[in-house]
Structure formats: structure tokens, C-alpha cells
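J.: Taking the numbering used here, the leading residue of the sequence shown gets 300, the next gets one more, and so forth.
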Amino acid sequence: MNRESQSPPAFREEQRFQQVWIWFLVLGIAALIWYSAIQQLILRRPFGSRPAPNTLLIIFWLLFGIGLPALIFTARLITEVRSDGIYVRFFPFHFSYRKIPFEELKSFEARKYNAIREYGGWGIRYGPQGKAYNVGGNRGVQLVLTDGKRILIGSQRPEEFLAALQSEHARYQSSS
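#1: How many angstroms separate the CA atom of E379 from the CA atom of A329?
#2: Please check the pair A374 and F363, which I expect to be a contact at CB under 8 Å, by giving their CB distance rounded to whole angstroms.
#3: Just list the residues that DSSP pairs G429 with in beta bridges.
#4: Below 7 Å between beta carbons: does that hold for K430 and I450?
#5: For Q441, report the span of its beta strand (DSSP E) as first-last.
#6: Taking G439 and G420 to be in contact with their CB atoms under 8 Å, please state how far apart those CB atoms are, rounded to whole angstroms.
#7: With distances taken Cα to Cα, identify the nearest neighbour of L461 among Q441, G366, E313.
#8: Could you compute how far the alpha carbon of I377 sits from the alpha carbon of A409?
#9: Just verifying my parser: in three-state terms, what is the DSSP assignment at R311?
#10: Would you kindly work out how many angstroms separate the C-alpha atoms of R311 and N353, rounded to a whole number?
#11: Taking the CB atoms as reference points, tell me whether R397 and P308 lie closer together than 7 Å.
#12: Is it true that the CB of L444 sits closer than 7 Å to the CB of E417?
#13: Would you report the Cα separation of F323 and I371, rounded to the nearest angstrom?
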């Protein structure tokens, strides 16, 4: 979706996955896959007591040895508050921004949340509380839309996000 203007946003935040445990898990899996691929494909020593076929090992190597670490490394949540709404982009899953227009906002507030309990983890998540965009932490801005839907956008700077949102939303409403 095109952003309304080329002027700088009132608020912009770019977040990445920074949890150490996620990196240990992803890199541990990748290291095991690389080790097994080198053993079996290059050194020609079957890996394990029941080695996987080479084709399957190559597929796993591409997916978990290269793809998963690349995905976690490049993933980022970009949030912008502009004069006509909130723009959210979760790269590489969104190639363009998702716009939440101010006219669709009923209410919003900064709040703490539990990503696992409320949404089942991190990323683009759906749960009983609605939709969430988050990459870590436990703070964000909760949006309630006019149709009753709820969207939580995780933020490392929720107070700044909320202040920009309040300011731009008020400016938008006074001009409508």
C-alpha cells in the first residue's frame, strides 16, 4: 500500500528478533543440519543409524541450514505513524505496508502483554485477543477498530508510539 506522503513519519520503529534463545535454537538446528550434510554429502559417511536419503538431506539443508537462519536474520517489524494512519510491515512476509486508517480506529492504548499466553508466540499471530505483530518484549500499543477487531503492535518504545499516534489522530480528526 502506498504511504500517503513522502514527509517523514511522526513515529518510525524498526525491530528485529533479538532474543538470545531464539538464535541459539535456530543456529543449533542449522549447525546440526550443516554437520549432517557435510558428513553424508561431502565426506560420504552416512549420518546416523538410519540416514536420510541425500535428496531429503539437501531439502532439509536448504530449509533449515540456510532458509531458517536467513529468515530470522532478515525478519523485521516496521511501524510508522503518518498523517492518515498507522503503517505496519513485517518483512519478508509483507512486501508492502499494511495501512490501518485513522477512520477505522475506535480506541488505542499502550499496554503490557504476554506474547506466549495471549498470542502463542512472536511474529504475525492470531489469538483470542485478536491479531498481533511482535518480535519480542512485552509492551506495545493495542488498537481497537470500529468493527470490533483488535490489533496489538509490539514496540520497544510504546510511550513514544502512543504519543505520536494521539497527536496525528487528533490532527486528522480536526481536519475531517
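Beta carbons: idealized from backbone N, C-alpha and C, even for Gly. None of these values were measured; they are calculated from a predicted model.
T.: Based on what the coordinates show:
#1: 33 Å
#2: Contact flag wrong, Cβ pair sits at about 16 Å.
#3: G426
#4: yes
#5: 438-444
#6: 14 Å between Cβ atoms; not a contact.
#7: Q441
#8: 17 Å
#9: strand
#10: 46 Å
#11: no
#12: no
#13: 12 Å
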